[in-house]
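To keep things clear, I will list the structure first and then write my remarks on it.
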Amino acid sequence: MRSTTTAAVRTTEVGPGSSPISGVLEGGDSSSRLSGSNVDKQASGSSLPLEAGLDAAVSLTESTASSNFDSEQPPKTVCTSVSRTSQPYQVEDYLRLFAARPTHEAPVGPTTLLRKITVLQAQLPYLSLDPLKTFLNCTWCVDYLLEQSDKHMDRWYLKPLNYTKKRAHKDVVLRLQNSVFSRWIILVAMCVSESFRMGDMSQDTSSNFWIGCIENSLGNELAQELGPRRTQDRLIDWIHVSILKAMITPSSNVHRLLRDNVATFLQLLFSYPTLWPADSEFTNIPLSNLLCSEAHEAAYFALVDCVYAMASGLPQQLNYDTTMHQRPSAASLYQWIHGCPTEFQLILADINACRDRFPMARDKKEIENWLLTWQPHPSDYIFAESWMTVTWYAVQESWRLSLLVYLYLAVCGVSSNDQRIQLYIRKITQVVGAVKKRGSSGKHICFFIQYLMVGICARNETHRKIARDKLLAPSESKLWLIRTADFVPVLDHLWHGTAANGNPIKWSDYMRSREAVLPIMI
Numbered sequence: 001m002r003s004t005t006t007a008a009v010r011t012t013e014v015g016p017g018s019s020p021i022s023g024v025l026e027g028g029d030s031s032s033r034l035s036g037s038n039v040d041k042q043a044s045g046s047s048l049p050l051e052a053g054l055d056a057a058v059s060l061t062e063s064t065a066s067s068n069f070d071s072e073q074p075p076k077t078v079c080t081s082v083s084r085t086s087q088p089y090q091v092e093d094y095l096r097l098f099a100a101r102p103t104h105e106a107p108v109g110p111t112t113l114l115r116k117i118t119v120l121q122a123q124l125p126y127l128s129l130d131p132l133k134t135f136l137n138c139t140w141c142v143d144y145l146l147e148q149s150d151k152h153m154d155r156w157y158l159k160p161l162n163y164t165k166k167r168a169h170k171d172v173v174l175r176l177q178n179s180v181f182s183r184w185i186i187l188v189a190m191c192v193s194e195s196f197r198m199g200d201m202s203q204d205t206s207s208n209f210w211i212g213c214i215e216n217s218l219g220n221e222l223a224q225e226l227g228p229r230r231t232q233d234r235l236i237d238w239i240h241v242s243i244l245k246a247m248i249t250p251s252s253n254v255h256r257l258l259r260d261n262v263a264t265f266l267q268l269l270f271s272y273p274t275l276w277p278a279d280s281e282f283t284n285i286p287l288s289n290l291l292c293s294e295a296h297e298a299a300y301f302a303l304v305d306c307v308y309a310m311a312s313g314l315p316q317q318l319n320y321d322t323t324m325h326q327r328p329s330a331a332s333l334y335q336w337i338h339g340c341p342t343e344f345q346l347i348l349a350d351i352n353a354c355r356d357r358f359p360m361a362r363d364k365k366e367i368e369n370w371l372l373t374w375q376p377h378p379s380d381y382i383f384a385e386s387w388m389t390v391t392w393y394a395v396q397e398s399w400r401l402s403l404l405v406y407l408y409l410a411v412c413g414v415s416s417n418d419q420r421i422q423l424y425i426r427k428i429t430q431v432v433g434a435v436k437k438r439g440s441s442g443k444h445i446c447f448f449i450q451y452l453m454v455g456i457c458a459r460n461e462t463h464r465k466i467a468r469d470k471l472l473a474p475s476e477s478k479l480w481l482i483r484t485a486d487f488v489p490v491l492d493h494l495w496h497g498t499a500a501n502g503n504p505i506k507w508s509d510y511m512r513s514r515e516a517v518l519p520i521m522i
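For what it's worth, full-length UniProt numbering labels the leading residue of the sequence shown as 1, then goes sequentially.
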């Protein structure tokens, strides 16, 4: 069913379906639904509130559950040796209530919810119900996930007036309603998002465990003969999972993660014929069309590819056509979640290709001229508040300055003590420093590219401290596409080596530090 495509690929290897292990959910879609109306009759004498039946089980089994997160087996096998002193009937009663509770009566956050589901999995030898299946198939699961997603969007730093919440995206709602896989992935994604927002990386092990279970089940599903729409949905799910992995996996492993998923990514893109220009030869990915499309998961994959190629100094996995076929739209959610203006992502891909001397790359002079003469387009977006318009311009300007520094260093071979580079470094710190925290919710914009460029070129301790602190701070680096803190030891190695005492460096010096501290298997 699945093919390995070579068009537009630099390195293509394997995709999903390689694991023979069955996942938690057999089949993928919710053809057999489990809700409060069709479960077994409740045990007598039980009237548990939402949190009640769980917390007793948590205290008895949580340590056992956490110690098994690294297992490669599906969740059904976790914690099979649990003390018989637990109360299986109370847990089953809880699940029956849980399956029928409306959204507003379940204020539990995604991380707490998934943690408690995990603990309940420990009771499986004594339960007739599967806790994960019970939740994913309960009557209010979709509404719960959409509400949690909407709460996440409400925390965006920037909000165009015409941005659309997920519950208004009919295709997303339809996928959630029809697919257990999509609901499972969104639940885990909400947990990853919540842990980033809270600066709590202790949940990474749990998230990795669930991601592995999803991959196993998706692999089995994709190995079957599926119809075109169902195949596309499963490919979307697979790419979504790969993006979640990139966010929490060590940066030294992201290159392999991207490489192993290129074939799946291309198969997904080829299922969207409208992405490709009429005269396309299918050898280069039309990046502007992709970034402005509703194929959000595929757009994120391309962003991770471009950003990681810049930070690691390795080639992009794919070849991109960076022609601006259309103006960016408010539908490009990554702009508001991660502060990544679309047109500058195209230029980032151009600089990467030029750095690696790709035959079809744009000329460096053309790229430089575009960056030097760039002007904002205020009419592109109308924001909910006037300060957001000013902030969006600051975000764009910080990208423009950072990409100029990157171009001069990595493509033109300029030393970090060049007057232009030092001027831009000072301006970057001023511009991003003007973007202040808003409200009590901890809203931030992540400036990974900006602080990395500042750190590479900084010649004084003030700028180095700013870069280091910002890249390490959970509040600054949360919800970025890769683990920003992994690059701080690279900067430390550079500062204590070639760049000691403020000595100037070149891009090759940064690369030597990256290879020494953050080795990547090619």
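Backbone N, C-alpha and C define an ideal beta-carbon position, used for all residues, glycine too.
ask   = Under 8 Å between the Cβ atoms of L303 and C340?
value = yes
key: Identified DSSP bridge partners for D321   = P286
ask   = Ordered along the chain, which non-local residues of its own chain (more than five positions away) have a Cβ less than 8 Å from that of V142?
value = V173, L176, Q177, R183
ask   = Taking C-beta to C-beta, are H496 and A516 nearer than 8 Å?
value = no
inquiry  = Could you tell me the alpha carbon to alpha carbon distance between T323 and R115, rounded to whole angstroms?
reply    = 45 Å
inquiry  = If you reduce the DSSP assignment to three classes, tell me which class F270 lands in.
reply    = helix
request  = Apply the 10 Å Cβ neighbour rule to Q430 and answer buried if 16 or more other Cβ atoms are within range, or exposed otherwise.
outcome  = exposed
message = Within 8 Å, do at least three Cβ pairs link the stretch 349-368 to the stretch 382-398?
response = no
message = Relative to the C-alpha of S206, which candidate in I248, H338, T373 has its C-alpha closest?
response = I248
task = Give the straight-line distance between the Cα atoms of N289 and A500, rounded to the nearest whole angstrom.
result = 44 Å
task = Would you kindly work out how many angstroms separate the C-alpha atoms of S193 and P286, rounded to a whole number?
result = 29 Å
request  = Put T358 into one of helix, strand or coil per three-state DSSP.
outcome  = What sits at residue 358 in the sequence shown is Phe, not Thr. Coil at F358, not helix or strand.
C-beta contact flag for S312 and I520 at 8 Å = yes
inquiry  = Taking its Cβ as the centre, do 16 or more other Cβ atoms sit within 10 Å of H463, making it buried, or is it exposed?
reply    = buried
request  = May I ask you to report which of helix, strand or coil DSSP gives S179?
outcome  = strand
query = According to DSSP, is F448 helix, strand or coil?
reply = helix
task = Starting from the C-beta of W507, find all residues in its chain whose C-beta is less than 6 Å away, skip the five residues before and the five after it, and write them out in chain order.
result = L409, A410
request  = Express the C-alpha separation of P110 and T134 in angstroms, rounding to a whole number.
outcome  = 15 Å
query = How about the stretch 254-269 and the stretch 223-243: do they share at least three Cβ pairs that are nearer than 8 Å?
reply = yes
inquiry  = Quick check: what's the CA-CA separation for G227 versus W370?
reply    = 45 Å
message = By DSSP's criteria, F383 is part of a beta bridge. Which residues make up the other side?
response = P160
Nearest-angstrom Cβ-Cβ length linking Y381 and P160, presumed shorter than 8 Å = 5 Å
task = Would you mind sorting W387 into buried or exposed? The rule is 16 or more other CB atoms within 10 Å of its CB.
result = exposed
query = Among residues of its own chain, excluding the 5 on either side of R483, which ones have a beta-carbon nearer than 6 Å to its beta-carbon?
reply = S251
query = CB V454 to CB A467, shorter than 8 Å?
reply = yes
request  = Could you check what DSSP says for H255 in three-state terms: helix, strand or coil?
outcome  = helix
inquiry  = By alpha-carbon positions, which one of R426, F447, P376 ends up nearest to E461?
reply    = R426
key: Chain-order list of residues whose beta-carbon lies under 6 Å from that of R2 (same chain, five-residue window excluded)   = The pLDDT assigned to R2 is 41, lower than 50, so where the model puts this residue is not dependable, and the model offers no usable value.
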